[in-house]
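Novice: Per this note's numbering: the sequence shown = residues 87 to 263. Glycine included, each C-beta is placed from N, C-alpha and C at the ideal position. Shown below is the structure under consideration.
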Amino acid sequence: MGENKTAKVTAPSSRELALALALGWAAAELVGRYRHGIHPRNPAAAKAREGRQIPRLSCSRRALRSNNDLFWLLAQRMLVLSEELRLDDLEGKDVEGSVDRRLRALPGEIRKYIDDPTSTRALEAAAFYQLLEDWTQLARPEPGVRSRALRDAFSFAGDLADVYWALPVPQRHNLPD
Numbered sequence: 087m088g089e090n091k092t093a094k095v096t097a098p099s100s101r102e103l104a105l106a107l108a109l110g111w112a113a114a115e116l117v118g119r120y121r122h123g124i125h126p127r128n129p130a131a132a133k134a135r136e137g138r139q140i141p142r143l144s145c146s147r148r149a150l151r152s153n154n155d156l157f158w159l160l161a162q163r164m165l166v167l168s169e170e171l172r173l174d175d176l177e178g179k180d181v182e183g184s185v186d187r188r189l190r191a192l193p194g195e196i197r198k199y200i201d202d203p204t205s206t207r208a209l210e211a212a213a214f215y216q217l218l219e220d221w222t223q224l225a226r227p228e229p230g231v232r233s234r235a236l237r238d239a240f241s242f243a244g245d246l247a248d249v250y251w252a253l254p255v256p257q258r259h260n261l262p263d
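Below you can see the structure in the form of structure tokens.
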């Protein structure tokens with residue numbers, strides 16, 4: 087008789103679950119920020135607005151990061167998290183063979199765009215969305231191969247971030263006393 091060769095599925099560690107949650111959130115947050123217009127801008131345009139802003143209160147100690155920096159850091163975070171979850175080699179599942187490579191290039195493309203918005207098309211709305219959509223379509227099944235809980239954590243965090251970024255931003259001057 088033949089041997090029964092079944093792969094042993096182990097429960098994910100709490101660290102792996104946390105990584106899957108963080109990665110699902112990061113992917114949806116990148117799209118959510120973009121949809122809200124919070125994405126890299128040319129610094130020259132930011133300088134024009136700078137004169138109309140008031141300084142922060144002296145009690146604020148946390149370092150301010152620009153939207154450009156936050157967007158770049160979020161793209162970097164997505165790469166690190168996908169590597170930690172061993173999702174950094176999706177090329178074999180990518181028919182065109184370009185999604186993973188394009189995602190790896192995204193932080194560099196963001197930096198190029200900040201310096202010169204005409205230098206890259208990677209952050210044009212359709213191209214940016216399609217890259218993240220293609221990547222999540224490839225990446226989403228991978229945690230599920232190892233564990234249903236990992237797949238659910240990845241999807242849940244993406245759903246939660248999607249809801250967060252879909253909420254209307256309250257008008258500050260209309261808030262009740």
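Would you kindly work out how many angstroms separate the C-alpha atoms of Leu217 and Ile200, rounded to a whole number?
Specialist: Straight-line Cα distance between these residues: approximately 19 Å.
Novice: Near Ala239, what residues of its chain come up, given a Cβ to Cβ distance below 6 Å and the 5 sequence neighbours on each side ignored?
Specialist: Cβ within range, chain order: Leu103, Ala106 and Leu107.
Novice: What separation, rounded to the nearest whole angstrom, lies between the Cα atoms of Ser99 and Glu210?
Specialist: Cα to Cα, the separation comes out at about 38 Å.
Novice: Tell me which same chain residues have a C-beta within less than 7 Å of the C-beta of Arg258, skipping the five on either side of it?
Specialist: Interpretation of Arg258 is limited by its pLDDT of 45, a score under 50 that renders its predicted location unreliable; the figure taken from the coordinates is listed afterwards. The answer is none, since no qualifying residue turns up.
Novice: By the DSSP assignment, the alpha helix (DSSP H) with Pro193 in it spans what residues?
Specialist: Pro193 -> alpha helix (DSSP H) spans Val185 to Asp201.
Novice: So Ile196 and Trp251 are in contact, right, with Cβ under 8 Å, and what is the actual spacing, rounded?
Specialist: Not confirmed; about 18 Å, so no contact.
Novice: Use the C-beta contact count for Asp202: other C-beta atoms within 10 angstroms, 16 or more gives buried, fewer gives exposed.
Specialist: Classification of Asp202: exposed, given that the 10 Å Cβ count is below 16.
Novice: So what's Pro262 in DSSP terms, helix, strand or just coil?
Specialist: With a pLDDT of 47 at Pro262, under the threshold of 50, the modelled position of that residue is not reliable, and the figure given next carries that caveat. Note: Pro262 maps to coil in three-state DSSP.
Novice: Grouping DSSP H, G and I as helix and E and B as strand, with all else coil, what is Leu253?
Specialist: It is coil, neither helix nor strand.
Novice: Using only the alpha-carbon positions, how far apart do Asp220 and Asn154 sit?
Specialist: Their backbone Cα atoms lie some 23 Å apart in a straight line.
Novice: Is the beta carbon of Leu236 less than 7 Å from the beta carbon of Pro227?
Specialist: For Leu236 and Pro227, no; Cβs fall outside 7 Å.
Novice: For Leu167, which residues in the same chain have their Cβ closer than 7 Å to its Cβ, ignoring the five residues on either side in sequence?
Specialist: Leu105, Ala108, Leu109 and Ala112.
Novice: When you compare each of Ala97, Glu115 and Arg101 to Leu253 by their alpha carbons, which one comes out closest?
Specialist: Of Ala97, Glu115 and Arg101, the residue nearest in Cα terms is Glu115.
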